[in-house]
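Quick notes on the structure that follows.
Protein chains in written order, with my numbering: chain A, 567 to 945; chain B, 567 to 945.
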């Protein structure tokens, strides 16, 4: 059962129960508009990654602003999005396991579905499932362009896979997935540029082999919030997959921006609201947001508009705030907004988005309650 | 909406879709029985902490074996448990915020409910809410016995709070919450003993002040899986709250056991099943379990029965397994069982427990699918 929502629509922000996942709807709108305009300017298709927001409401807004569809990582995420009417979903991941492949194949009767492979054995399993379901699946070959995770090495390997896909009923070779995840978080623009230049060389070499073997690469897709402008200008990628731009997080904010890469030009739009629930000494305040309210894998949260307060020592249900010398103390019962270290897995902890208008102003109020459609979708 | 269950009852273990939260039902039964026997032998009340399992099925089994009730940390967890028929729940935490206090007060009409306080202002808020709901709430004063988180300092402070509780309608002063969370994970038995001895001194001093002020301490409750035998033998605590013993995790397994503390005498009963989803180089295997499938706050998981394999570099949906020299490689599509670093927040990531009988034997099969009743209960 989903939990009860932590607020009522129309209520002042002060009445939101905590911990709660807050979306600044004004900042979200700015971020969505800015990315739509950037993708148009770059002249590439925008396919935002829904693994960040896991929300069919936000996916629909992205598509209404010109996105061709969305990405996700899991079959069950795709099911949640398609179930709410999203018509074009690319699973940017390898799907291994009979049950989930069958689910994906059936989903492809309801929406345009793409999926990645990096192993020849996958192809027959996908084809059999698609035949069984009577559906058609777009298949992209994932190329490892530097993240050292999934994907075949750049070069000749993709051609053999493309040939096998082309021979397979109910599958269509749709192109290459070339995403350099690690590069998104390289701090300096030069490091990010160098990483994507190297990735580009690998993609170009792979396309050369595919072309020689007679396979056209309709789609070359990849890129995230940290690098999408580099891929977008490369002349090689024709589709970009930024996800985190909708919310931004503390880790992305550590990237040094430059005029072209622009990750830091998006606004923080996602917060965890927490309450000071214990303050029995003057040197610390305990808030009701720990591991179950924040994913701390990429560092601890920042306290919004309070650089003089730091978050420490999370346990499951608690976090400890400490103060720099002279900082004004929080009051017992006071609420704070935390900027998560990493948005995607933090969103996964909640059933509800609390959409707020006018955040930071006296008129701030709850405008919307959105379910986190893909929450817990691990399959 | 909860996600679909990852398996069918009766199916062989090989057909479970991944990532999935697996309970070894045989090991769980052994752990439940062992703790029930230990508490009887110690002569203290057992009130297991449900924050580990978040499951009303397991809570009911604990109570059937003699537990007086369960603990939890959140109002919404208590609601989930009471909604499934658990009749006695102690919230071992401070509850701050009007909405959740009102919910707690209404819940106290349906079950015996206790809650902790460490701030005088809490008392009137709880009393008003209980009066409004027409309920009675047991109130325990939390004493900070070394965890440096919530709780008043040992000594005189509790007496003033007890007096205020005693004056308040619809509240009953029920005793002390004295839990040393940090001590649970001290590695050596001597460190754990020393920490609980110091905690005991603080509790004894607090009780002396309360007694002098005319307040009887009906319940002194606390202790976890790492130390409960020390508190249980202390003559001061009359109730213990171990939680992790039901499952154990990799972090607890690092505690050095001794004859009396016995944390390591419980068996691992909780696993995350994962699949090798990519293996494009021979030096690593990528599994489909990352931050969304495992809480890595207390360290990465171990691979069950494969000490020659290590888990590294988790991202949201992936983990990387590496092999010691000469280790037999896993096959693409092969499933592995991971022992989570930290059970409680890992359980929180799943909608379903997959209960397995005969784990490790050819006959192993899915025996039960249990909802994670308190999943996502952050309020």
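In this text, a Cβ means the ideal position worked out from N, Cα and C, and glycines have one as well.
For residue 924 of chain B, same chain residues with a beta-carbon under 8 angstroms away, outside a window of 5 residues either side, are 592, 930, 931 in chain order.
Residues of chain A whose Cβ lies closer than 8 angstroms to the Cβ of residue 821 of chain B do not exist; the shortest such Cβ separation is about 17 angstroms. By the Cβ neighbour-count rule, residue 621 of chain B is buried, with 16 or more other Cβ atoms within 10 Å of its own.
For residue 622 of chain A, the enclosing alpha helix (DSSP H) has its first and last residue at 622 to 630. The beta carbon of residue 685 of chain A falls within 9 angstroms of a beta carbon belonging to chain B, placing the residue at that interface. Taking the CA atoms as reference points, residue 576 of chain A sits about 33 angstroms from residue 735 of chain B. Residue 590 of chain B: not part of any alpha helix (DSSP H); member of the beta strand (DSSP E) spanning 586 to 590, first to last residue.
Taking a cut-off of 8 angstroms for Cβ pairs, the segment 852 to 872 of chain A and the segment 633 to 640 of chain A do not touch, as fewer than three such pairs fall below it. At least one CB atom of chain B sits nearer than 9 angstroms to the CB of residue 845 of chain A.
When the Cα atoms are used, residue 713 of chain B and residue 850 of chain A turn out to be separated by approximately 13 angstroms.
The beta-carbon of residue 769 of chain A is placed no less than 9 angstroms from the nearest beta-carbon of chain B.
The residue from B:809, B:691, B:904, B:624 with its alpha-carbon nearest to that of residue 745 of chain B is B:809. Among the residues of the segment 705 to 720 of chain B, those with a Cβ less than 9 angstroms away from any Cβ of chain A are 708, 710, 713, 714, 715, 716, 717, 718, 719, in the order of the chain. Here residue 580 of chain B is exposed, its C-beta having fewer than 16 other C-beta atoms within 10 Å.
The Cβ of residue 697 of chain B sits no closer than 9 angstroms to any Cβ of chain A. In the structure shown, residue 678 of chain A adopts extended strand secondary structure according to DSSP, grouped into three states. Residue 789 of chain A is not a Cβ neighbour of residue 585 of chain A, given a cutoff of 9 angstroms. If you look at residue 720 of chain A, you'll find it isn't in any beta strand (DSSP E); DSSP assigns it neither H nor E. Linking residue 822 of chain A to residue 755 of chain A through their CA atoms gives a straight-line distance of about 7 angstroms. Selection B:817, B:669, B:732, B:666 evaluated against residue 750 of chain B yields B:817 as nearest (Cα-Cα). Close partners of residue 881 of chain A in chain B (Cβ separation under 8 angstroms): 715, 747.
In this structure, DSSP gives residue 642 of chain B a helical state, which the three-state scheme calls helix. Around the beta carbon of residue 630 of chain A, fewer than 16 other beta carbons sit within 10 angstroms, so the residue counts as exposed. Between residue 884 of chain A and chain B, the shortest Cβ-Cβ separation is below 9 angstroms.
Closest by C-alpha distance to residue 837 of chain B, out of B:766, B:667, B:922, is B:922. By the neighbour-count definition (other C-beta atoms within 10 Å, threshold 16), residue 571 of chain B is a buried residue. Distances from the alpha-carbon of residue 770 of chain B to those of B:608, B:624, B:802 put B:802 closest. Apart from the 5 residues on each side of it in sequence, residue 819 of chain A has no Cβ closer than 6 angstroms to any other Cβ in its chain. Residues of the segment 903 to 921 of chain A that bring their beta carbon within less than 9 angstroms of a beta carbon in chain B comprise 908, 910, 911, 914, 915, 916, 917, in sequence order. Counting C-beta atoms within 10 angstroms of its own C-beta, residue 894 of chain B has fewer than 16 neighbours from the protein chains shown and is therefore classed as exposed. Here residue 709 of chain A is not near residue 692 of chain A, since their CB atoms are 9 angstroms or more apart.
Nearest CB-CB separation between residue 857 of chain A and chain B: below the 9 angstroms threshold. Contact between residue 907 of chain B and residue 865 of chain B holds, with the beta-carbon distance rounding to 4 angstroms and staying under 8 angstroms. At a cut-off of 9 angstroms between beta-carbon atoms, residue 937 of chain A makes contact with chain B. For residue 738 of chain A, the enclosing beta strand (DSSP E) stretches over residues 737 to 743. The Cβ-Cβ distance between residue 626 of chain A and residue 650 of chain A falls below 9 angstroms.
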